[in-house]
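Please read the structure below before turning to the comments.
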Amino acid sequence: MESNLSFRSATPSDIPRLLPMIQAYYAYDQHPDPGDRLPQALEDLLAHPHWGRIWLICCPNPIGYVMLALGYSLEALGQEACVDEIYLQEPYRGQGIGRKTFDFIEGFCQQQGIKRLYLEVERHNSSAQRLYRNIGFEDNDRQLLTRWVKPSQAGQV
């Protein structure tokens, strides 16, 4: 099955194909449902590749996706990337496809001159944690804190 594996950059025409996979991922990882705002967020990402990239994981048909958010860090002394989301449909898990997906992502990062790759993983997802540690990700003994930014009012900076 891995021999048919490929990665294809998502396009706006893929949004209807991506939405059910993203919703399944959010349900599995217990993320809040963004509702009808998700299609616009995908369109925005696809229109601004300097924000990040999203690829369909195909075998040969789409079986998942991976989303990479791009940024810059003084600590990393350059560009960095976050594997913001990775999802494989249930029947395709545990077959080495996740590892191959990270090989693909690392190759992309090398081509782009990205210095550091990081990700977040839910505490309950022990199989994902095991994979990430096995392919070289380390717990940096930090705590991720989040604060949502409120939209600015018209005329305010």
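The number in our numbering is simply the position in the sequence shown, starting from 1, with 932 added.
Yeah, the Cβ is synthetic: ideal placement off N, Cα and C, and Gly gets one too.
- Rounded to the nearest angstrom, the gap between the Cα atoms of residue 944 and residue 978 is 7 Å.
- Put simply, of 936, 1075, 1046 and 1002 the residue whose alpha carbon is nearest the alpha carbon of residue 990 is 936.
- Under the three-state reduction of DSSP output, residue 1038 falls in the helix class.
- In the structure shown, the three-state DSSP call for residue 1067 is coil.
- The region 1072-1079 and the region 967-985 do not touch, with fewer than three beta-carbon pairs separated by less than 8 Å.
- If you compare the alpha carbons of 938, 999, 941 and 981 with that of residue 954, the shortest gap goes to 999.
- Here the C-alpha atom of residue 961 lies approximately 16 Å from the C-alpha atom of residue 1064.
- Under the DSSP assignment, residue 1018 falls outside any alpha helix (DSSP H), being part of the beta strand (DSSP E) whose first and last residues are 1010-1020.
- By the neighbour-count criterion, in which a residue is buried when 16 or more other Cβ atoms sit within 10 angstroms of its Cβ, residue 1046 is buried.
- Separation of residue 1055 and residue 946 (C-alpha to C-alpha, rounded to the nearest whole angstrom) is 30 Å.
- According to the DSSP assignment, residue 947 belongs to the alpha helix (DSSP H) that extends over 947-960.
- Here residue 950 is buried: its Cβ has 16 or more other Cβ atoms, across all protein chains shown, within 10 Å.
- Taking each of 1067, 938 and 1050 in turn and checking the Cα distance to residue 1004, the smallest one comes out for 1050.
- Cα atoms of residue 1016 and residue 1066: separation of roughly 19 Å, rounded to the nearest angstrom.
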